[in-house]
Structures are given as structure tokens and as C-alpha cells.
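Asks: The structure's right below; bear with me while I get my questions together.
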DNA sequence: TTTCAAATGCAAATCATTTGCAAAAAATTA
DNA sequence: TAATTTTTTGCAAATGATTTGCATTTGAAA
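Chains as they are written, first to last, in this note's numbering: chain A, 23 to 156; chain B, 23 to 156.
Written out as C-alpha cells, the structure reads:
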């Protein structure tokens, strides 16, 4: 329930921000701003959508949250960084988080080849999940 | 200039579709629908934005084009599949295509671990480009 | 507490994307 | 080739996610 995250300096830790972070911590997969809104509402916490958007943007800028788009959908999704890499089933839409993303092993290779200092990445993989195969 | 792509069955090969594909073939990096619109206009070809959106959607559905979003921007970008993996400089926004994406090597590993049949993927990597480091 | 900049909520504004529909163009057939 | 049928286009209007202005509230420093 309580956040293990270090809240970014220079911002006030409001109850709205705490609540939004808590929803993201409990979310299994990346969720939309509207998802956050309704999950808060289920918990009897009413926060306006604009406040949610404003804070998600701030949290992204500060690196605490990752924004992504799922193919075919037009709403942005938000998640804590440990859920930023995922598999998506093209048949049923199920999202499965990739733990220990194998891409990490290639940071050095990319640095060598392209000269970039790598700071982060996001991987989306499409496929057919076991349930949909049968 | 001429497309090497096999145009999907069941669709008419209109001059608009040819022109849109040609722009994407010549694009170095993923571009927005609006980019396509203006590049066509530069070539004295006037195609309505809605036609561009409709065809990009169709081409995505048929797998000829990949749609993606660059972190921090809110317009969708479109590219041929060989340009779907890229590095983005967090300082200047420059996009560099990753050739021979190392991620391909991990398809089998993902299949083993998660049981998905992998059909595609998209990789975005953030970092600081050589120019911005100096 | 008092103070004050930062944050919130609401309603209105934005803007990328989608959609309805009549006209134009491609493919099919005669 | 002309006629027919179906798809595609362009335009304008609609949509819907996200952003913004502003008055009010709130967190945190003094």
C-alpha cells in the first residue's frame, strides 16, 4: 500500500499524487488515465481527470512513470518503469509484462554501434498467447 | 521511386496509395500523417488528410506499415517495417534507425518463457546522441 | 498560524483522428 | 469501349482524448 518510491524534489506530495502513484503500483499492466480515474473512484477517491493527466505528465517527466501506446488503441497508457516492457496478444489483447527484459543485454552493443549513451528503452512485442493458440 | 512492395489483395491500387507508400519508402524515419501530407504537397500531389489517415490505417492492418509513438509527442508516426526500431536522442529529438535489431535474437527466448508465438515487435531506445554529448 | 507559491477542479478549448455522404475513380462485365 | 458495380476520395462536420484558464484550495516554509 505505501509507496517505496522517492518522490521527486520540488513538488508537493499531495494526497492526489499519493493516490495516483498507489494505483499505478497496484496495477498489473500499463493503464490509461481513465483507468486511474475509475479505480480511484472505486476507492471513494474523487480526483479530476485533468489533475490525473497533469500529474501523470509530471511523473513521466521525472522518470517515475512510463507512457506508452498499445498498438491499435488510441489512449496513452501509464505504468511504473518495471512494467514498461510487455507482450501483447494480437488475438485477445492480453498484456503480459516481460520481466528481466533481455534487451538490457544490448545496451552496450547499441552504445558501440551508434554512439548513444543509452538512458532507457521500451519494448512492445506482439504475438499470440497460449490461450488463443488452443 | 517504384515500390518493391506487394500491394495487399482486395484493395485497389489508387494513385493516392501509391503516392503515400512512396513517401514512406523515401522517409528516413517514422513520420506523422501530417508529414506525409506536406511531403506530398511539396511534390504537387494534393491528398486529403482523411485519405492519408484511412490508408495508413489500412496499411498498418495489412502489415505493410508500422505505427508508433515517440515519447513526449502525441502524434502517431508511421514507417515501413524496416524502420520500426529506433534510437531517440532525449536532448535534440534526433531519431536513428536501428538496423539488424538485436532484439530479433530473443524471439525464441520469449517464446519459451511466455508461450507466445511472436509475430512482431517494436523497440524504442532513449539516450543521448554523440552530437549532444559534446 | 500566517503566508504564498503550487496544485486542484471545473468548464471550456484544442487538436489529432475519425466519420458521413455525395462525387470520382477503379475494376468488372457486357 | 461503354455501362455497371464497388471501392475510394474529399470535404466538412463530429469525436474524443488531452490540455488549459482561472478561481479556489492546500501543502509546506517561516
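Ideal Cβ positions, reconstructed from N, Cα and C, are used throughout, including at glycine.
No experiment lies behind these values; they were computed from the predicted model shown.
Using 8 Å as the threshold, is the region 69 to 81 of chain B in touch with the region 37 to 53 of chain B, meaning 3 or more CB pairs across them?
Replies: Contact between the region 69 to 81 of chain B and the region 37 to 53 of chain B is present, because at least three Cβ pairs lie under 8 Å.
Asks: Count Cβ pairs between the region 61 to 74 of chain A and the region 53 to 63 of chain B that sit closer than 8 Å; are there 3 or more?
Replies: Touching, no.
Asks: Is the shortest distance between the beta-carbon of residue 136 of chain A and the beta-carbons of chain B less than 7 Å?
Replies: Closer than 7 Å: yes.
Asks: Can you name the start and end residues of the beta strand (DSSP E) that residue 109 of chain B belongs to?
Replies: It spans 108 to 111 - the beta strand (DSSP E) in which residue 109 of chain B sits, taken as one unbroken run.
Asks: Below 6 Å, is the gap between the Cβ of residue 45 of chain A and the nearest heavy atom of the ligand FMN?
Replies: Of the ligands one can find in the structure shown there are none, so the ligand FMN has no counterpart to examine.
Asks: Let me confirm a value: residue 34 of chain A is counted as buried when at least 16 other C-beta atoms fall within 10 Å, else exposed. Which label applies?
Replies: With fewer than 16 Cβ atoms within 10 Å of its Cβ, residue 34 of chain A is classed as exposed.
Asks: List the whole-angstrom C-beta distance separating residue 84 of chain B from residue 124 of chain B, where the pair is believed to meet the contact cut-off of C-beta under 8 Å.
Replies: So it is not a contact: roughly 27 Å between Cβ atoms.
Asks: So which residues on chain A does residue 124 of chain B lean against when the C-beta distance must stay under 7 Å?
Replies: By Cβ distance, chain A contributes 128, 131.
Asks: For residue 144 of chain A, go through chain B and note every residue whose CB falls closer than 7 Å to its CB, in chain order.
Replies: Chain B residues near residue 144 of chain A: 146.
Asks: Take residue 120 of chain B and list the residues in its own chain whose beta-carbon comes closer than 8 Å to its own, dropping the five residues that flank it on each side.
Replies: So the qualifying residues of the chain are 107, 108, 109, 145, 147.
Asks: Go ahead and pull the three-state DSSP assignment for residue 72 of chain B.
Replies: Helix.
Asks: Mind checking residue 89 of chain A: buried by the 16 CB within 10 Å criterion, or exposed?
Replies: Buried, since its Cβ has 16 or more Cβ neighbours within 10 Å.
Asks: Quick check: residue 149 of chain B and residue 140 of chain A, are their CB atoms within less than 7 Å of each other?
Replies: Yes, the pair counts as a contact, with Cβ atoms nearer than the cut-off.
Asks: So is residue 52 of chain A buried or exposed if we call it buried at 16+ other beta carbons inside 10 Å?
Replies: Buried, since its Cβ has 16 or more Cβ neighbours within 10 Å.
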